[in-house]
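Residues 3 to 273 (my numbering) make up the sequence shown, in order.
Glycine included, C-beta positions come from ideal geometry on N, C-alpha and C.
Treat the numbers as computed from the prediction; the structure is a model and nothing was measured.
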Amino acid sequence: MIVSLGKINIFLPDATTSYFFITEDLAGILKVEKNYDALKQFRKILRNEIEKDLYKRIDFSQDSSEVVIRTTNAFTILKIAVIINGLINETISEVEITEAEHKLLSHKRPKKQKWNVGDIFLLNLRDDTYAFGQVLRKSYGSPVCGLFNLNTETIPTVAKISNHPFISVLTLLSSSLDKGDWKVVGNIDIKINIDEIPWQHSGLGVAGSMSYSDGTLLELANAYYGLMPWNVYYKEDYFDEILLSPFKRPNIAKVLSRIEREHYRNEKNWN
Numbered sequence: 003m004i005v006s007l008g009k010i011n012i013f014l015p016d017a018t019t020s021y022f023f024i025t026e027d028l029a030g031i032l033k034v035e036k037n038y039d040a041l042k043q044f045r046k047i048l049r050n051e052i053e054k055d056l057y058k059r060i061d062f063s064q065d066s067s068e069v070v071i072r073t074t075n076a077f078t079i080l081k082i083a084v085i086i087n088g089l090i091n092e093t094i095s096e097v098e099i100t101e102a103e104h105k106l107l108s109h110k111r112p113k114k115q116k117w118n119v120g121d122i123f124l125l126n127l128r129d130d131t132y133a134f135g136q137v138l139r140k141s142y143g144s145p146v147c148g149l150f151n152l153n154t155e156t157i158p159t160v161a162k163i164s165n166h167p168f169i170s171v172l173t174l175l176s177s178s179l180d181k182g183d184w185k186v187v188g189n190i191d192i193k194i195n196i197d198e199i200p201w202q203h204s205g206l207g208v209a210g211s212m213s214y215s216d217g218t219l220l221e222l223a224n225a226y227y228g229l230m231p232w233n234v235y236y237k238e239d240y241f242d243e244i245l246l247s248p249f250k251r252p253n254i255a256k257v258l259s260r261i262e263r264e265h266y267r268n269e270k271n272w273n
């Protein structure tokens with residue numbers, strides 16, 4: 003959820019984030035080499051423009067590519083957006099500011115979706131079809147999820163969904179479930195045993211266990227059904243490595259040539 007003001011996007015609190023935030027490459031804006039130095043300059047600017055008590059409630063972080071500015075105060079984040087627009091000589095009208103202010107103040111943070119072991123959820127794919135997953139267990143609060151070998155245009159019953167085998171099982175971040183991006187459609191008994199899952203993906207907390215962003219499961223589903231390229235990550239066989247035996251790379255997988263892959267990664271700024 004985003005409110006735009008001029009050239010600046012303000013991200014709104016959601017089910018997993020309790021604050022407003024802005025991410026920008028301040029080094030480019032302030033014409034310095036590093037965001038570390040840009041942030042020091044920007045903090046000086048804010049101290050001159052924002053009341054002391056409100057400034058103390060702003061949180062900052064930075065890396066080589068961007069600065070993140072966070073606050074729970076709608077007026078403060080609006081003021082920061084106005085200031086950044088000024089730094090890039092972007093003209094914004096009082097009407098635009100008033101409209102943005104109304105959106106920020108009227109925003110209601112959504113509640114987390116409740117999810118439990120056994121829940122079956124939807125993944126919306128790039129062609130507006132569905133894939134389906136199930137929460138198999140919780141590992142220190144994180145869901146261990148299985149991706150069913152099923153892709154449909156409509157939503158079957160959970161009983162029909164659960165009759166399909168899993169093509170992958172991964173320990174994931176919970177944000178897509180928490181936000182409701184992966185809508186829970188029902189709950190049913192789990193039909194896979196823990197010993198059928200590779201130990202590093204089982205969520206048992208043993209040394210060498212692996213966890214993934216929730217986007218990994220969605221991207222695997224899109225790639226498995228030929229909706230995005232298969233071999234575009236740093237490791238070309240990344241998706242192959244997270245398939246559950248006996249599943250292999252499908253025939254419909256879109257495998258890019260070396261030149262196509264390099265072009266794709268350059269467009270995504272991944273190289």
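Asn233 is the residue among Asn233, Asp39, Phe134 whose C-alpha sits nearest the C-alpha of Pro252.
Per DSSP, Leu41 is one residue of the alpha helix (DSSP H) stretching across 37-51. Val160: member of the alpha helix (DSSP H) spanning 160-164, first to last residue. Contact between Leu219 and Leu174 is confirmed by a C-beta separation of about 6 Å, below the 8 Å threshold.
A straight-line Cα-Cα distance of about 11 Å links Ala255 and Phe241. Between the alpha carbons of Ile169 and Gln202 lies a distance of about 16 Å.
Here Glu26 carries a strand assignment [DSSP, helix/strand/coil].
In this structure Phe123 touches Leu179 by the C-beta definition: roughly 7 Å separates them, less than 8 Å. Among the bridge pairs identified by DSSP, Ile10 is matched with Leu7. Around the Cβ of Ile12, a 10 Å sphere holds 16 or more other Cβ atoms; the residue is buried.
Rounded to whole angstroms, the Cβ separation of Ile194 and Gly148 is 6 Å, and the two are in contact under 8 Å. Beta bridge pairing from DSSP links Asn75 with no other residue. Within the model, the alpha-carbon separation for Ile24 versus Asp65 is close to 14 Å. Between Ile82 and Leu48, the CB-CB gap stays under 8 Å. In the three-state reduction of the DSSP assignment, Gly210 falls in the coil class, being assigned neither a helical nor a strand state. For the pair of segments examined, the stretch 148-157 was found to touch the stretch 125-135: the number of CB pairs separated by less than 8 Å reaches three. Counting only the Cα atoms, Leu206 lies some 11 Å from Leu172. Ser259 carries a coil assignment under DSSP once its states are collapsed to helix, strand and coil. With contacts defined as CB atoms closer than 8 Å, Leu28 and Val69 qualify as a contacting pair. Positions of the alpha helix (DSSP H) runs, each at least 4 residues long and wholly inside the stretch 220-244, are given as 240-243 in order along the chain. A straight line joining the alpha-carbon of Phe44 with that of Ser141 spans about 40 Å.
Leu246 carries a coil assignment under DSSP once its states are collapsed to helix, strand and coil. If you draw a straight line from the Cα of Met3 to the Cα of Phe249, it comes to about 36 Å. Looking at the backbone, the Cα of Ile60 and that of Ser95 are separated by about 25 Å. In this structure Trp117 is buried. Its beta-carbon is surrounded by 16 or more other beta-carbon atoms within 10 angstroms. Of all alpha-carbon atoms in Ser63, Val146, Thr78, Asp39, the one lying nearest the alpha-carbon of Lys54 is that of Thr78.
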